[in-house]
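What follows is a set of notes on a single structure, which appears directly below.
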Amino acid sequence: MRYEEFLESFLASDKSLKETIKKVSGLEGKMQKDSIKGDIKSLLKNLDALKNAVSSLEEALTGVEESVSNFDYRSYFTSGEFTEDMLLGLKERKMDTVGEYPVFEVFPTRIRIDGENQEVILGKKKVPTMRPKILVDSAADLVDKLESAPFNAQAFAQDLENAYLICVLQEKAKNTGKVNDHLFYVPLLSCYKVMVPLSRSRKEYDEMAFAFDLARLYNEIKKGDFVTKSGHTCLFGTGRGKSVRILDDTGMEQLISTICFR
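Here our numbering is used: the first residue of the sequence shown is -5, the next is one more, and so on.
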């Protein structure tokens, strides 16, 4: 059973429960008024009606309980149906998604599915839901929040250039005379390790966050006439090193691996 099927069943049984609870509450209110008015005959009549309503309440509650117990949420996760429904929802929202179970990249964040414990982690936080639609909505809200956050392209570019220069110096030490300043392409992830040298710091600013900043810098450069504070042009390359996956301002995937400041 898919979640939306379960939800339809649950809401139908819950509607009956809600209506019965309303009836019980209404009869109790009438009995209170009858006692205040001294209308014992009416009170006894409403008391009998309340007894029947309570019986109906038990039946309605049983119906709700059955609808919940009929939904095998553990199997829903472990069978892959949850993942299928999530991916379909992300596709319908036109959200860029790559990866495979249990980790999916929804740039610039990730979704991790823990089928064994029926848990979902969006970014760095658990999302207390087993309904794919809610997860997709939460992912969309998080992506919107990240994309709308302020970004200082000049400051990031300067930090990146500083890391780049350190990498160039390291290469010079290895290859004397073979490296020219501001002509040499450095792997982006080498720059990342210089910028974030401590492993505990990388938990706060991981490679996905770095890729997102690269994407925003990439899009600034696309606009034209972007130079760093030191007056250099920033060039991305696709040469040696592990590629970093980003999305440009049109939503197209770009794979960049190196950088050069000239």
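In this text, a Cβ means the ideal position worked out from N, Cα and C, and glycines have one as well.
Just so it is clear, the structure is predicted and the values come from calculations on it, not from any experiment.
Could you spell out where the beta strand (DSSP E) holding residue i opens and where it closes?
i, result
"Arg87", "Element bounds for Arg87: n/a, residue is neither H nor E."
"Gly231", "228 to 231"
"Phe101", "No beta strand (DSSP E) holds Phe101; DSSP gives it neither H nor E."
Which of the three DSSP states, helix, strand or coil, is assigned to residue i?
i, result
"Ala181", "The identity of residue 181 in the sequence shown is Pro, whereas the question assumes Ala. Note: Pro181 maps to strand in three-state DSSP."
"Gln257", "Nothing in the structure corresponds to residue 257, since the chain is present only between -5 and 256."
"Leu249", "strand"
"Thr123", "coil"
"Leu211", "helix"
"Arg68", "helix"
"Val137", "helix"
"Thr77", "helix"
"Phe220", "coil"
"Val190", "coil"
"Arg196", "helix"
To the nearest whole angstrom, what separates the beta carbons of residue i and residue j, a pair I think is in contact under 8 angstroms?
i, j, result
"Leu116", "Ala143", "No, Leu116 and Ala143 are not in contact; Cβ-Cβ is about 16 angstroms, not under 8 angstroms."
"Pro102", "Met202", "6 angstroms"
"Val180", "Thr252", "6 angstroms"
"Leu21", "Leu38", "Not a contact, Cβ separation roughly 12 angstroms."
"Ser36", "Asp28", "5 angstroms"
"Val130", "Leu84", "6 angstroms"
"Asn40", "Lys24", "5 angstroms"
"His226", "Phe204", "Not really, about 20 angstroms apart at Cβ, beyond 8 angstroms."
"Lys216", "Asp200", "Contact doesn't hold; Cβ gap of about 25 angstroms is too wide."
Do you know offhand how far residue i's Cα is from residue j's?
i, j, result
"Glu59", "Ala149", "57 angstroms"
"Ile240", "Lys120", "25 angstroms"
"Met(-5)", "Leu11", "22 angstroms"
"Thr123", "Glu113", "8 angstroms"
"Phe98", "Ile105", "5 angstroms"
"Ile15", "Leu5", "15 angstroms"
"Glu326", "Lys9", "Nothing can be reported for residue 326, as the shown portion of the chain is limited to -5 through 256."
"Ile107", "Tyr95", "7 angstroms"
"Asn146", "Ser224", "15 angstroms"
"Gln164", "Ser195", "22 angstroms"
"Lys118", "Ser61", "32 angstroms"
"Val190", "Glu2", "49 angstroms"
At which residues does the alpha helix (DSSP H) containing residue i begin and terminate?
i, result
"Leu21", "-3 to 31"
"Leu284", "With the chain running from -5 to 256 in the structure shown, residue 284 is simply not present."
"Val162", "147 to 168"
Is the segment 221 to 237 close to the segment 81 to 93, with three or more CB pairs under 8 angstroms? Contact between the segment 221 to 237 and the segment 81 to 93 is not established, with fewer than three Cβ pairs separated by less than 8 angstroms.
Quick one: any contact between the segment 210 to 228 and the segment 136 to 154, if contact means 3 or more CB pairs under 8 angstroms? yes
Would the segment 73 to 86 and the segment 214 to 223 be scored as touching if the rule is three or more Cβ pairs under 8 angstroms? For the pair of segments examined, the segment 73 to 86 was found not to touch the segment 214 to 223: the number of CB pairs separated by less than 8 angstroms stays below three.
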